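In what follows, a single structure is set out as structure tokens and then discussed.
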Amino acid sequence: MNQDTKRLVDEAMRDFRRTGRKQFRKRQFNALCGLLNDIFDNEPQCRGQVQSIGFRQLTGYYRRYSHLKLETLVSRWRVLCVLFKKIGMNEPIHPGAVLKVEKL
Numbered sequence: 104m105n106q107d108t109k110r111l112v113d114e115a116m117r118d119f120r121r122t123g124r125k126q127f128r129k130r131q132f133n134a135l136c137g138l139l140n141d142i143f144d145n146e147p148q149c150r151g152q153v154q155s156i157g158f159r160q161l162t163g164y165y166r167r168y169s170h171l172k173l174e175t176l177v178s179r180w181r182v183l184c185v186l187f188k189k190i191g192m193n194e195p196i197h198p199g200a201v202l203k204v205e206k207l
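According to my numbering, the stretch in the sequence shown is residues 104 to 207, in order.
Structural data, given as structure tokens:
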């Protein structure tokens, strides 16, 4: 993740990390950073910018991590929803929709 993206994510998620159950939210924030780093590493068309993440990139991420439980992917999706809402993007695709279509 480049410096500008890291700063954007830190600023957008500051209130999320500092309120509520802090240790749990810190783990969720670290999972979010891991999700973003994985997307930026494996999806070259993102160029390290959160605004470039869309349906195709999230579908690729969910397929790469389909070995995880759906609950784990949904918890990461919820944190991603918080980030997208804070920076003014549309809600990301739910992992259940991607994995259900894939299994058919």
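Glycine included, C-beta positions come from ideal geometry on N, C-alpha and C. From a predicted model like this one, the values you see are computed outputs, not experimental measurements.
> Beta-carbon separation of Leu186 and Ala134 under 9 Å?
Replying inline: Within the sequence shown, numbered from 1, the residue matching residue 186 stands at position 83. Within the sequence shown, numbered from 1, the residue matching residue 134 stands at position 31. It is not a contact, given that the beta carbons lie outside the stated cut-off.
> Of the residues Asp107, Trp180, Tyr165, which one's Cα is nearest the Cα of Val153?
Replying inline: Working through the sequence shown from its first residue, we reach residue 153 at position 50. Closest by alpha carbon: Asp107.
> Between Gly163 and Asn140, is the Cβ-Cβ spacing less than 9 Å?
Replying inline: In the sequence shown, counting from the first residue as 1, residue 163 sits at position 60. In the sequence shown, counting from the first residue as 1, residue 140 sits at position 37. In this structure, Asn140 does not lie closer than 9 Å to Gly163 by Cβ.
> Can you name the start and end residues of the alpha helix (DSSP H) that Glu114 belongs to?
Replying inline: Position 11 of the sequence shown, counting from 1, holds the residue named residue 114. That run of the alpha helix (DSSP H) goes 106-115.
>> Considering just the uninterrupted stretch of the alpha helix (DSSP H) at Gly137, what are its terminal residues?
In response: On the sequence shown, residue 137 is found 34 positions in, with the first residue counted as 1. Element bounds for Gly137: 125-145.
> Under three-state DSSP, which class holds Tyr165?
Replying inline: Locating residue 165 in the sequence shown gives position 62, counting from the first residue. Residue state, collapsed to three classes: helix.
> Which residue's Cα is closest to the Cα of Arg159: Lys188, Pro195, Arg117?
Replying inline: Locating residue 159 in the sequence shown gives position 56, where the first residue counts as 1. Out of Lys188, Pro195, Arg117, Pro195 has the C-alpha closest to the C-alpha of Arg159.
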